[in-house]
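What follows is a short report on a single structure.
Structure (structure tokens):
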């Protein structure tokens, strides 16, 4: 199985998952009409739930010989570093163009309308390192796929992607080119809040 | 106030992992202090966070506010260790829902920082965290946002200070704690 929800993979009934889900706020019609935005800032205000979030990822990855935690700007910067610190890995920020100083490699990716681009420092990671990529939410997987490509281009093995929130994979659509994806909770409905 | 002067043995490792990149973002003699190399050294990164945690643990800090984006790399780890909320202070239109904004001056033009309404409550004791203080404009805007909602800004905390730019003087008398200085 490529896509794993925590509740179905070892953490069934774990009350921490409910606490994490309850701490997420849905903001309707942001950034545009029709989008029910999953706001994790309320999770960051709930110290216990934020700690549970990090602890679950740390417990999963600490014995997997991971030397790199990559996080996508900007919300990936809030979850990735605490995980990296706890498992003794490097943290590698993946950024929008022209933010990283010095030599970078870039990977373009598709948005709903148009394209965007992710950059990583040359020399941040070495061939043969084992990496995870962490983000707050995965939808189509476009951003995470670009992140995986950046790491693989320099010879890193991406072991898994971890996301706090994730939609269920649409049948027939393969996200992340088959890389394993571990998701803590599904998106909240507006009526839940 | 600087740990550098206190000569904590961890400071040397931290300072040596910071990379200086000349002429970034623009040529004109700017020597950019790049903390990403610090993040590649797990021990030095942990030492950085530990130095802040040791200072602020047990001081009843309820809010760590971090400035987008590099403040997000250090702030949450500190907040988690000291039992505080983490509050991201962001560029305009990034935060969903109701926000308050504070404008501030750049060398050319103005910029703006936003904070969620309701994230911080009156009486919250807050830290503001960023990777670096230069002129102090951004930190000052951050402090104002917190004070406008009735929080008590206890201290500003940065990994690096550029003392020649006198940012410390822009903080309306609020204390500043830094780990390393760069001239």
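Residue numbers (this note's numbering), protein chains in the order written: chain A, 1 to 193; chain B, 1001 to 1183. Idealized CB from N, CA, C, for every residue including glycine.
query: Residue 1037 (chain B) beta carbon near the ligand HEM (any heavy atom closer than 7 Å); result: Among the components modelled here there is no ligand, and therefore nothing to report on the ligand HEM.
query: Contact list for the stretch 22-35 of chain A against chain B, Cβ threshold 8 Å; result: 25, 27, 30 and 31
query: Within 8 Å, strictly: CB atoms of residue 190 (chain A) and residue 26 (chain A); result: yes
query: Residue range of the beta strand (DSSP E) that includes residue 24 (chain A); result: Note, residue 24 (chain A): premise wrong, no beta strand (DSSP E); not H, not E.
query: Same chain, Cβ closer than 7 Å to residue 82 (chain A), neighbours up to 5 away in sequence not counted; result: 54
query: Span of the beta strand (DSSP E) around residue 1088 (chain B); result: 1085-1089
query: Alpha helix (DSSP H) segments (min. 4 residues) lying fully within the stretch 1026-1063 of chain B; result: 1036-1039 and 1042-1056
query: For residue 124 (chain A), the nearest candidate out of B:1009, B:1167 and B:1019 (CA to CA); result: B:1019
query: Same chain, Cβ closer than 6 Å to residue 139 (chain A), neighbours up to 5 away in sequence not counted; result: 167
query: Nearest to residue 163 (chain A) (by Cα), restricted to the options A:34, A:61 and A:126; result: A:61
query: Listed by chain order, chain A residues near residue 1126 (chain B) by CB distance under 8 Å; result: Per Cβ cutoff of 8 Å: no residues; residue 1126 (chain B) is ~13 Å from chain A at best.
query: Touch test, the stretch 1106-1124 of chain B against the stretch 1060-1073 of chain B, Cβ-Cβ under 8 Å, three pairs minimum; result: yes
query: Spatial distance of residue 30 (chain A) from residue 1016 (chain B) (CA atoms); result: 43 Å
query: Inter-stretch contact at 8 Å, needing at least 3 Cβ pairs: the stretch 85-99 of chain A / the stretch 114-130 of chain A; result: yes
query: Among B:1116, B:1109 and B:1171, nearest to residue 1094 (chain B) - alpha-carbon criterion; result: B:1116
query: Check whether residue 1132 (chain B) and residue 1149 (chain B) have beta carbons under 8 Å apart; result: no
query: Minimum C-alpha distance to residue 1102 (chain B) - residue among B:1096, B:1167, B:1034 and B:1113; result: B:1113
query: Distance, residue 1082 (chain B) Cα to residue 1033 (chain B) Cα; result: 27 Å
query: Near-chain B residues of the stretch 34-63 of chain A - C-beta to any C-beta below 7 Å; result: 37, 39, 41, 44, 45, 47, 50, 51 and 54
query: Residue of B:1027, B:1029, B:1040 and B:1021 minimising C-alpha distance to residue 1013 (chain B); result: B:1040
query: is_contact[residue 1107 (chain B), chain A] using C-beta, thresh 8 Å; result: no
query: Contact with chain B by residue 97 (chain A), beta-carbon distance below 8 Å; result: no
query: CB-CB length for residue 86 (chain A) against residue 49 (chain A), believed under 8 Å; result: With a Cβ gap of about 17 Å, residue 86 (chain A) and residue 49 (chain A) do not count as contacting.
query: Alpha-carbon to alpha-carbon, residue 1074 (chain B) and residue 3 (chain A); result: 30 Å
query: Contacts that residue 1083 (chain B) makes with chain A (C-beta to C-beta distance below 7 Å); result: 47
query: Chain B contact for residue 3 (chain A) (CB, 8 Å cutoff); result: no
query: Runs of alpha helix (DSSP H) lying entirely within the stretch 31-78 of chain A, each at least 4 residues, in chain order; result: 41-44 and 47-61
query: Contacts that residue 1032 (chain B) makes with chain A (C-beta to C-beta distance below 8 Å); result: 101
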